[in-house]
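These protein sequences, in sequence, are chains Z and G.
Sequential numbering of the first sequence, starting at 125, is according to our numbering.
Sequential numbering of the second sequence, starting at 39, is according to our numbering.
Cβ atoms here follow ideal geometry from the backbone N, Cα and C, with glycine treated the same way.
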Amino acid sequence: MEAVYEKYFRGNLPHIWCPGCGNGIVMSAIARALDKLNYPQDDVLFISGIGCSSRMSGYMDLNTVHTAHGRALAFATGAKVCEPRLHVFVLMGDGDAAAIGGNHFIHACRRNIDMTAIVINNSIYGMTGGQFSPLTPTGKRATTAPYGSIDRAFNLVALAEGAGATYVARGDVFHAVQLTNLIVEAAEHKGFSVVEAVSTCPVSFGRYNDMPEPADMMLWLRDNTVTVQQAAKMSEEELADKIIIGKHYETEAVEYGDEMARLLARAKEAE
Amino acid sequence: MAKKFKVDLNQKTCKACGICMALCPKGVLGKRHDGKAEVVDEAACIGCQNCSVHCPDFCFVVKEAAADDK
Ligand SMILES: Cc1ncc(C[n+]2csc(CCOP(=O)(O)OP(=O)(O)O)c2C)c(N)n1
Ligand code: SF4
Ligand code: SF4
Ligand code: SF4
């Protein structure tokens, strides 16, 4: 195994994920990002929710907390406010972040607290058997949508930007090197950063959507992703089924922890 | 002379998903009798790291071969 993985993984492998699951690809992208960021491992807090993807906190050799479904950002907010020196990463599935945790998600964006949220979007609820999620593309099949989902999906990057996140990007597991670079950029950004990592669940999504092999899902990502720069030159019809990858948005805004420190100083003065 | 690479593959942790074989641009990797990956043409490897960044089970280390390591 490559030295960076030995450094950042606890060694309790093989992991629980199915053959070809994109979660492993995201986990290695995160390990390589941590290596580039070069933070002392003791200064990194890695918090996850519940789901297949959220099992990641059990494998990473960092300060880790495996929390409750949809609530990872609430735990992370508390920890960051108490220990601002920590570099906080929050790992969630698409169901975790956009369904049960949707409210926590938009309000964490709004507060602009300095942390990096990574949402592994495998288009369905993996752990509970492949039900459709708010990020299942319209028309795609899931165990609870055998004739195709009729729901409109959230555009997570637009949602994050609209809710106030100050760094928003989308990567995918086929473009794994770019995914690492986006995670590095997101971590270095001061404020609330969101990286959507479009991923693969060969078992509960691929098999239901004419991609029976894990490799078919990788080729689907290869053939259906376009960069932000390419997308700018394409029409709405051309973009209909495309996944737009790269940095979507970055701005500066007051960070919640800084505002909290100023508030505490004011309160002390008033005493 | 073209660079030579050494492809270390850990078959113990391989889950036979088939991703590396599909993504290797040079046909270096093949499928063993049980579906796991195997190195079939190491000399053709160009060190692109497609296999190592995409293997969900971290089975690969691909490094430039030392001059005497042929
Ligand atoms: C409060 C609560 N409600 C429901 C569940 C059941 N549950 C566990 S994981 C999960 C969804 C997982 O989907 P996602 O977040 O997309 O992650 P994935 O497994 O796909 O990585 C659900 C509904 C739970 N554990 N806790
Ligand atoms: S069910 Fe899907 S998301 Fe969960 S481990 Fe298996 S392939 Fe991965
Ligand atoms: S990608 Fe990894 S787990 Fe999948 S077949 Fe290749 S070596 Fe095995
Ligand atoms: S580094 Fe590239 S060429 Fe070499 S085995 Fe891996 S995928 Fe094939």
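Distances from the CB of G85 of chain G to the heavy atoms of ligand 4 include at least one below 7 Å. The secondary-structure analysis by DSSP pairs G217 of chain Z across a beta bridge with Z:I244. S247 of chain Z places its beta carbon less than 8 Å from that of F329 of chain Z. Contact of A293 of chain Z with chain G by beta-carbon distance below 9 Å is absent, the smallest such distance being about 18 Å. L303 of chain Z has its alpha-carbon roughly 14 Å from the corresponding atom of I367 of chain Z.
Using beta-carbon distances, A157 of chain Z does not count as an interface residue toward chain G, since no partner is under 8 Å.
Secondary structure note for V100 of chain G: its beta strand (DSSP E) is the uninterrupted segment 98 to 102. Taking a Cβ-Cβ threshold of 7 Å, the residues of chain Z close to I57 of chain G are G144, P338, A339, M342, in chain order. Per DSSP, Q302 of chain Z has no beta-bridge partner at all. For the set Z:Y183, Z:E285, Z:A321, Z:H193, the Cα lying nearest the Cα of D296 of chain Z is the one of Z:A321.
For L387 of chain Z, no CB of chain G lies under 8 Å from its own CB, so it is not counted at the interface with that chain. In terms of Cα proximity to V150 of chain Z, the closest of Z:S181, Z:Y163, Z:Q165 is Z:S181. Within the region 49 to 79 of chain G, contact with chain Z at the beta-carbon level (separation under 7 Å) is assigned to T51, K53, A54, C55, G56, I57, A60, L61. With a threshold of 7 Å, the Cβ atom of K64 of chain G counts as near ligand 4, since some heavy atom of the ligand is closer than that.
Pairing N187 of chain Z with D166 of chain Z gives a Cβ-Cβ distance under 8 Å. When distances are taken from the beta-carbon of C89 of chain G to the heavy atoms of ligand 4, the shortest one is below 7 Å. R294 of chain Z: member of the beta strand (DSSP E) spanning 291 to 296, first to last residue. In chain order, A82, C83, I84 place their CB closer than 7 Å to the CB of K64 of chain G, counting only its own chain and leaving out the 5 sequence neighbours on each side. Under the Cβ criterion (8 Å, minimum of three pairs), the region 274 to 291 of chain Z counts as touching the region 248 to 265 of chain Z. A222 of chain Z and S317 of chain Z have their C-alpha atoms some 15 Å from each other. In this structure, DSSP gives I140 of chain Z a state outside helix and strand, which the three-state scheme calls coil. According to DSSP, residue pairing for A223 of chain Z in a beta bridge does not occur. When C-beta distances to chain G are compared with 9 Å, the residues of the region 151 to 183 of chain Z below that value are M151, S152, A153, A155, R156, in chain order. Contact between the region 206 to 223 of chain Z and the region 231 to 250 of chain Z is present, with at least three C-beta pairs closer than 8 Å. Rounded to whole angstroms, N236 of chain Z and F213 of chain Z show a C-alpha spacing of 14 Å. Remark: the C-beta of M251 of chain Z is in contact range of ligand 1, defined as less than 7 Å to any heavy atom. Look at G370 of chain Z here: in three-state DSSP terms it is strand. Here P270 of chain Z is exposed: its Cβ has fewer than 16 other Cβ atoms, across all protein chains shown, within 10 Å. By the neighbour-count criterion, in which 16 or more other beta carbons inside 10 Å mark a residue as buried, H71 of chain G falls on the exposed side. Secondary structure at Q87 of chain G: coil, using DSSP grouped into helix, strand and coil.
When DSSP states are grouped into helix, strand and coil, F256 of chain Z belongs to the strand group. Proximity of chain G to I149 of chain Z at the Cβ level (cut-off 7 Å) is accounted for by H92, P94, in chain order.
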